[in-house]
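*Asks:*
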Amino acid sequence: MFDVDAFLELLDDIEWRKRQRVSPGFPSQQSVDMLAARKVRQKPGPKPKRPGAVGTPYTGSKPRTGAAPIDLLLEDEWRKRRRGGAGGGISPARSLSQADKTRLKSGPNTGTGTAGAKAETSIRVAGPQERLAIAGGSQPAVVKLVSYAAGSNRVGKLLTYQSRHGELAVERETGAQMAGGQWIQALADEWAEEDGRQPSKDVLRLSLSVLSDFDKTIGAALKEASPGHRIAWASRPTEAGEGRIVEVVMSAAARAHPNQRKVQRIYDNRKSLGGLEARFEDAFNRDVEIEVHGFAHGVEGVGRYLAQVRKGTRHAVWSTRMDKSGSFVGDVVIEAGSTSLAEAKDWKRDLRSQERRDVAHIIFSAKPGTPKEQFVDAARATLAREFAGHRYAFVLHEDRQHLHVHAAVKMLSETGQRLHPRIQDFKRWRQTLAEEARERDIPMDAVSRFERANPPGYKLKDIRRVQRGIATVKARRRVEAVKNGVVHIPAREEGKRRAAASAHGWGHVAAVTTQAVPEITPEAGVLRLYRAERPGSRSSAPIFTRDRAQAAELAHRYGGALSFIDVRPTEMHHIMAARNQSSMEGGSDRFVVTRELADTMRLVPSAEATTATIMRFRQRSEIAARAIEQIASEYQSPGYQAGRPTKETDDMANLDIMKTSFAEMDEQMQIIRKNLPADRQPQIDELHGKLKQTQQEILKAQETIEKKRGTVEGQTFVQPVKQAFSQFAAEERGEVIRYVARKVNGSVGAVAFTDHGDKVEIARWKDRETVLAAMQVASQKWDSLTINGTDGYKAMAVKLAAEHGFNVTNPELQDKLVAVSERIARNRAGRAAIAPGELPEGAKPETQVETPTSATELALPEKSSAPVIDGDKVRPADRDRESMLAAMREAAKKWDAITVNGSERDKVLAVELAAEHGFKISNPELQDKLTAAREKVDQRRQREQAREEKLTGFVDGSQALRDVELDRPFGEDREAVSASTTMRQGRLVAHGAAPYEHNPENDASYYVTLARANGDQQTIWGVGLEREMRTHRPEIGEHITVSYTGSEPVVVDGELKNRHNWQIGRSGPSDKVTDNTIGRSNAEIAIALETVRERTDVEAQREVRQADRSAATNERPIDGGGEDHAYRTQAEAGAAVRAERAVDQNPSKPIPADVNESPEIERQRQTQQELLAEKQVNRQAEVQKQTQKPRQRQ
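Quick note on full-length UniProt numbering: the sequence shown kicks off at 1 and runs consecutively.
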């Protein structure tokens, strides 16, 4: 219905605005429309801050009318929705939530809000319904205000990007579709405001005529007159020869500095410039003449003015430098080689520049898989609700994984009101988008990111800089945190409170879901009613329904939770049939329930997947809360208060940092000398001389250290990435990755080498394996390598480069590299080779069989072991075991019998491999050795078989399997050999897809090779292993458990086969010879937990000693510790002590996770978790046995 009164009031308001625009003066009342005043004359200086409406963007003055046309449209929209929704004939007033009613009273863009709700002063905590929606798969609503555009040119570029140069059809606020590219410039010219907010005046250029003849005196006077301002100047003598002309470029804004109550800014008006002139006169003792040339805007203006000052002058141009406190710390000369724009960019932060804002660029995002049409419709409805009265255009972009709706919104509305978005406006936009999305069956929420413990997002410029390799440390850390889903640890007080509230809320939801029992059928005579509880809603007279499906559908649509109550016959007076129900339904399905009875409703138990998700969010929130408590306790510790922070830093004292620090110390000493009396200057000169001598000694010592430290450098910075080595464990330390030597028992030792991104520093440069691993890491990053270090290190690097084909670019090493390459080529000519041969008479050929080997694991998995085919010979790629095995396998494929040539060592290794793998060797002189080797292999296999048969709890189940399983193909039968053993543990050596037993005639399978504690290796075969390895992704060298969980019949290529199922888990290093630990009793688990406690105690004592020794000797991470200990930080030692205390108090209580814990402590914690999980399985199995026992009759 048309509101005549509101329309007449709107006309009166328009006439009143017209009179105000043409009036000669402007009264001082707050109700005056200041937009017209800004259009008449744009006065310089700060604009008065006027608070806008609470909950809505600030849009100018408060209008005289009580409502705007948008209110009618919004109310009509809500009426249409409620009439067609699942609520039947419920009236709009009863359907709207309290937040919606508040929005109807004060529209989003009317500028009103004095009668609306006040700003939220307390933290809004998500309710159980919202958290259940999150656990059920609800995605967060993402609304970003990316940028602003001003002027016809920039607005046109924004519209061109939005429409993809006219390829996409853009939709306007009227619903019209704009296709092609002809409309872009016309719309940009129409939206660009000529009389809008002008760009700020950020920099001014002026000339001074002074009597001083020294640049240092002029610079001191300029700093005295303009504290906190960025200043650049150049001086030249006057034509008369008396005094100098000083060309000055200075920032209008000043940085906050000591002895200043208010931050200053210079404006283009008489009062502000008069004050600047007075300060210059005081600084130059009234002997100064000032001429202001003008103001400019932004970095471009600074660069233009600096270029003007430098143009045509041969005198130096000086520029000031300030510290964070705003105090001047020195001057630098802008050299001729450096551009003015580079210096201007350094001024950007101090300019506090502001530009015109004609159009806002807003993006609505949704995850992949979101229904496209529904999401675009939700974005369309959000724009209509939040930006009614404004012109806008939007379009969907699908060229990324996510869906993005790009909207360009004109800041100035049709009624002359301007948008001033604030944080609460962004929150409301997200809430509106989530509501509209849920109306269209898209699960979406607008809760804070603290509910998911997500880190803050990064900007577009951050990811681009990371891709180009020029990002700062903070930017790279920010991008990696978002990509990896790192748990966010807030630093601000508000964030800490939100994290604590989130942890408490998820704990409550987890307790409800874990304690909830399955829904049971109500008793006879009890009426069960259901309700879809929307997030954040609480009605005084809620409506319930008997139709469970209808309530569940509403809960899914609005992102709520499904609840129920049971109404007993004695409680029927608390309910009454809802009105507006059709009589054709045959009865009442909806009931109004009193608030007292509604408070007894219970949640319908969620699905198992939802419960698991709830537990995951609970764990993330608790990690953040515990980290906050830990940081707070460290801040209050005596060590931190005494100036010994426990947090590890990545800043290492190298030669460049020392030189820079010493140069700054020299500048400070010079400043101190100038400010001292003449009689005290000789004393400071003597102290300065001693300081310089000490600095030179320190620099020489550091230069000696760095010369001994080997490095491999590349051309560019490449983000460090962990590489897998069996002898080294990769550890992240801030922005670097250090590789620590791994001992035989699985523990870690000293630091071997460190990847810094632009270079790889080698601590153990005398160790061949360490240098080889470091060069392999560097070769993955750069095509060519530069070697720096001692002569012995360079000689080793040259030899490794010649052996493995690394490209070394050092000019002084090229001759050595050629000589070493030629020597290696000559040696390879006489190296072991495998040629076709014939078996001697009487020798018995044996079948080639793949069996577990006792070889030590490969030092470097990345090294290629492919053999070299040289005519009728097969040469191994290297002299190690794996290269020889690969060459013998290749030769066995080509010839029935092979002949081994080479040194005595090569022949001994070939005989051992032939005995283990069944190769046929025709060398007559090797037959006796081959026979003896085969006997040793047979004896070892018999011992292993006997040891496996004696394992507790295992019997021969082959006959049982034949009775219950179907007939298996040939390959599947042999695969069952691996499955006959229920569990195997060990260190992962290799894995991959290959034909069964590496025989091309067999079916494709997957293998996992484990190394036991005694050095023996075992290969397990099974197709199901590939899925488990892809799911858990264990690293080479990590201790894992492979368990056989049974088989199931499947159809493969039309044939019925049995497929074996496997399960892989992580485990700590075991000292046992065998690794079968399945079926441990509670007593055995208790003993194992006690072992974990003892190992944790020993490790904590060891790390405390290492940390004390590292602190006493001032070691750095690159030093890697001493010969008898590893480098250890105080933070790691503190984490180990806390783990020791926790496990000593109760070995059956899980050790708390700690961000600073060492890999060894983390390994013990994981071992304890697996033991506790196995104990819980035993407890559940015992309970299940008790429940399955038949009850005895009474």
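Beta carbons are placed, not taken as given, at the ideal position from N, Cα and C, and that holds for glycine.
(1) Please return the same chain residues whose Cβ sits closer than 7 Å to the Cβ of G137, not counting the five positions on each side in sequence.
(2) Kindly list the residues whose CB is nearer than 6 Å to the CB of F450, restricted to its own chain and excluding five residues on each side of it in sequence; keep chain order.
(3) Between which two residues does the alpha helix (DSSP H) holding I1085 run?
(4) Looking at the strands, I want to know which residues DSSP matches up with G1065.
(5) Given that a residue counts as buried once 16 or more other Cβ atoms are within 10 Å of its Cβ, and exposed if not, what is V22?
(6) Would you check if the stretch 154–171 and the stretch 180–193 touch, i.e. whether three or more CB-CB distances between them fall below 8 Å?
(7) Between the alpha carbons of R616 and H508, how many angstroms are there, rounded?
(8) In terms of residue numbering, what span does the alpha helix (DSSP H) encompassing H556 cover?
(9) Near E890, what residues of its chain come up, given a Cβ to Cβ distance below 6 Å and the 5 sequence neighbours on each side ignored?
(10) For P57 and G505, what's the separation of their Cα atoms in angstroms?
(11) Taking the CB atoms as reference points, tell me whether Y1006 and A993 lie closer together than 8 Å.
(12) Out of N810, F544, A552, point me to the one whose CA is closest to D599's CA.
(13) DSSP has residue 1196 in a bridge; who is on the other side?
(14) With a floor of 3 residues, list each beta strand (DSSP E) that falls wholly inside the stretch 233–271, ordered by position along the chain.
(15) Helix, strand or coil for N1156 per DSSP?
(16) At which residues does the beta strand (DSSP E) containing D566 begin and terminate?
(17) Taking S170 and A393 to be in contact with their CB atoms under 8 Å, please state how far apart those CB atoms are, rounded to whole angstroms.
(18) From the DSSP output, read off the bridge partner residues of A730.
(19) Quick one: grab the DSSP three-state call for R528.
(20) Given this structure, state the Cα-to-Cα distance separating E769 from I787, to the nearest angstrom.
(21) Please tell me whether P811 and D755 are closer than 8 Å, where the distance is taken between their beta carbons.
(22) Sort F591, H556, V1177 by Cα distance to H573 and report the nearest one.
(23) Going by DSSP in three states, I423 sits in which element: helix, strand or coil?
(24) State the Cα-Cα distance for the pair residue 1266 and H165, rounded to the nearest angstrom.
(25) Looking at K743 and L699, is the spacing between their C-beta atoms short of 8 Å?
(26) Along the beta strand (DSSP E) that carries D755, what are the first and last residues, could you check?
(27) Check whether the Cβ of S319 lies closer than 7 Å to any heavy atom of the ligand SAM, and answer yes or no.
(28) Ignore the nearest five residues each way along the sequence and tell me which others in S621's own chain have a CB closer than 6 Å to its CB.
(29) Which one or two residues does DSSP pair with F295 in a beta bridge?
(30) Given S272, which residues of its chain have a CB within under 7 Å of its CB, disregarding the five upstream and five downstream residues?
(31) Under 8 Å, do E1090 and P1147 count as touching if we go by C-beta distance?
(32) Any idea what DSSP makes of G992, helix, strand or coil?
(33) Give me the Cβ distance between D566 and P140, rounded to the nearest whole Å; I'm assuming they're in contact under 8 Å.
(34) Check whether the stretch 453–469 and the stretch 417–428 are in contact - that is, three or more C-beta pairs closer than 8 Å.
(35) Counting along the chain, where does the alpha helix (DSSP H) carrying H917 start and finish?
(36) Measuring straight from C-alpha to C-alpha, what distance separates A910 and K816?
*Replies:* Reading it off the structure:
(1) P443
(2) R498, A499, S502
(3) 1082–1112
(4) T1041
(5) Unreliable positioning characterises V22 in this predicted model, as indicated by a pLDDT of 42, which lies under 50. The coordinate reading is nonetheless provided below. With fewer than 16 other Cβ atoms within 10 Å, it is exposed.
(6) yes
(7) 14 Å
(8) 548–558
(9) P867, V874
(10) At P57 the pLDDT is 48, less than 50, meaning the model places this residue with poor confidence; the figure from the coordinates comes in the next sentence. For P57 and G505, the distance between alpha carbons rounds to 31 Å.
(11) yes
(12) F544
(13) It is not possible to answer for residue 1196, since the shown part of the chain is limited to 1 through 1194.
(14) 244–254
(15) coil
(16) 561–567
(17) Checking the displayed sequence, the identity of residue 170 turns out to be Val instead of Ser. 5 Å between Cβ atoms; contact.
(18) Y739
(19) strand
(20) 16 Å
(21) no
(22) F591
(23) helix
(24) Residue 1266 lies beyond the residue range present for the chain, which begins at 1 and ends at 1194; the question has no answer from this structure.
(25) no
(26) 748–755
(27) You won't find the ligand SAM in this model; it holds no ligand whatsoever.
(28) A453, S502, A503, W506
(29) L204
(30) I266
(31) yes
(32) strand
(33) Incorrect: roughly 35 Å between the Cβ atoms, too far for contact.
(34) no
(35) 904–917
(36) 33 Å
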